[in-house]
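J.: Here you go, one structure.
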Ligand SMILES: NC(=O)c1ccc[n+]([C@@H]2O[C@H](COP(=O)([O-])OP(=O)(O)OC[C@H]3O[C@@H](n4cnc5c(N)ncnc54)[C@H](OP(=O)(O)O)[C@@H]3O)[C@@H](O)[C@H]2O)c1
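Printed below as a string of structure tokens:
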């Protein structure tokens, strides 16, 4: 483990960064930045449920409020030895603002910390173009830039811009930078599966199609271990790694695990996929030909999309072996939803 370093973690209150900062704070001086803003300021951020500033500080992390949309670093030291950049905002229809925070803001962080020994920058699977073959397993060198991600519409452009800005900073400031591309993360702190869990808990979940499409998700704890290895493995500066879970699983398998954890029925009514696929094509056509985003375009991707990655490079070069099974992971996630009151009868 890193010890006696001075480390900056951006987006420290987020689902992925908070456990990393907590872990590092055991033996290092760790500083964390985020806006620590009120819900009304953060109102348009999609799928984000950050921890409070007090709970971050309770883990021994020093905090500083910085808005990367217009950063003021006057209260933040600049003598960090390592930087972990995870701050990110997911916005709908405000790409300029998203790029300002996610790409230019990242550049400002790396500029501020240019004397560090190394920086780790968090990208995502949203950089990859949808593969022509649905069974294709994405690798680091695959085609990028044509993805549509309904859960985070601004993310594909943001993450590609972030990677470009990070590479520029690496050259301009002679700063070793490692880029990690994360698969979809699940675990306490993540509300991505909440809607599905609520519908299953109400016994009114319906599968569109057969549920035989593949998802390849990673539990937050495995991911933290992967990031730790990116930061601590010698000789990986300048490289990019995909970090994902133990293996892809069919959607139906994930839904059965969720239903079992909720103590609910594991057989689901199916709807034919054809009308939804047709609507998805219409949405794509409207978007490409007229730039119009139709309602619920890509809302049904959960059922219609396959997402499979190859993480051989991380395994071979970082010794990264994700361990948490889907059953354990969803068990812990649902436990967290219960503790947070997200699955109470009132909410249902
Ligand atoms: N979770 C996933 O499934 C997933 C998948 C692939 C990649 N990733 C990547 O992993 C990283 C962490 O993701 P996450 O899911 O943990 O994110 P998250 O929970 O939404 O946390 C985002 C963090 O960024 C901060 N932030 C947002 N806007 C900011 C701004 N303008 N200035 C400063 N800080 C700001 C947030 O705090 P405030 O709102 O208080 O500022 C929060 O601390 C991101 O780079 C994300 O793209 C995540």
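In our numbering, the protein residues as written are 1339 to 1686.
Even glycine gets a Cβ: it sits at the ideal position worked out from N, Cα and C.
For clarity, every value in this text was computed on a predicted model and none was experimentally measured.
Do residue 1614 and residue 1638 have their C-beta atoms closer together than 8 Å?
T.: It is a contact, given that the beta carbons lie within the stated cut-off.
J.: For residue 1547 and residue 1585, I'd like the C-alpha separation in whole angstroms.
T.: Each residue's Cα considered, the two are about 22 Å apart.
J.: Look at residue 1462 and residue 1493 and say whether their C-beta atoms are less than 8 Å apart.
T.: Result yes, Cβ atoms of residue 1462 and residue 1493 sit closer than 8 Å.
J.: Do the stretch 1507-1526 and the stretch 1550-1564 make contact, defined as three or more Cβ pairs closer than 8 Å?
T.: A contact exists between the stretch 1507-1526 and the stretch 1550-1564.
J.: I'd like the ranges of any beta strand (DSSP E) spanning at least 3 consecutive residues and lying wholly in the stretch 1409-1442.
T.: Here the runs fully enclosed are 1420-1423.
J.: Consult DSSP for residue 1448 and reduce its assignment to one of helix, strand or coil.
T.: If DSSP states are grouped into helix, strand and coil, residue 1448 belongs with the helices.
J.: In this structure, does DSSP put residue 1353 in helix, strand or coil?
T.: It is coil, neither helix nor strand.
J.: Roughly how many angstroms separate the alpha carbons of residue 1343 and residue 1516, rounded to a whole number?
T.: In a straight line, the C-alpha of residue 1343 is about 18 Å away from that of residue 1516.
J.: For residue 1598 versus residue 1607, is the C-beta spacing smaller than 8 Å?
T.: No. Outside cutoff.
J.: I want to know whether the stretch 1375-1387 touches the stretch 1406-1415 - three or more CB-CB distances under 8 Å.
T.: Segments in contact, no.
J.: I believe residue 1640 touches residue 1589 by the beta-carbon criterion, under 8 Å. Please report the beta-carbon distance rounded to the nearest angstrom.
T.: Rounded, the Cβ-Cβ distance is 7 Å, consistent with contact.
J.: Pull up the DSSP beta-bridge partners for residue 1553, would you.
T.: DSSP lists 1587 as partners of residue 1553.
J.: Output the distance between the C-alpha atoms of residue 1420 and residue 1347, rounded to the nearest integer angstrom.
T.: Going from the Cα of residue 1420 to the Cα of residue 1347 covers about 9 Å.
J.: Please return the same chain residues whose Cβ sits closer than 7 Å to the Cβ of residue 1539, not counting the five positions on each side in sequence.
T.: Taken in chain order, the residues that qualify are 1600, 1602, 1681, 1686.
J.: Within 10 Å of its beta-carbon, does residue 1453 have 16 or more other beta-carbons around it, so buried, or fewer, so exposed?
T.: Residue 1453 comes out exposed.
J.: Thinking C-alpha only, which one of 1363, 1365, 1400 is nearest residue 1374?
T.: Comparing Cα positions, the closest option is 1400.
J.: Please confirm whether residue 1464 and residue 1485 have their CB atoms less than 8 Å apart.
T.: Cβ atoms of residue 1464 and residue 1485: closer than 8 Å.
J.: Enumerate in chain order the residues of its own chain whose CB-to-CB distance from residue 1669 is below 7 Å, with the five nearest sequence positions on each side excluded.
T.: Around residue 1669: 1599.
J.: Relative to the C-alpha of residue 1609, which residue among 1572, 1660, 1545 is closest?
T.: Checking every option, the nearest Cα to that of residue 1609 belongs to 1545.
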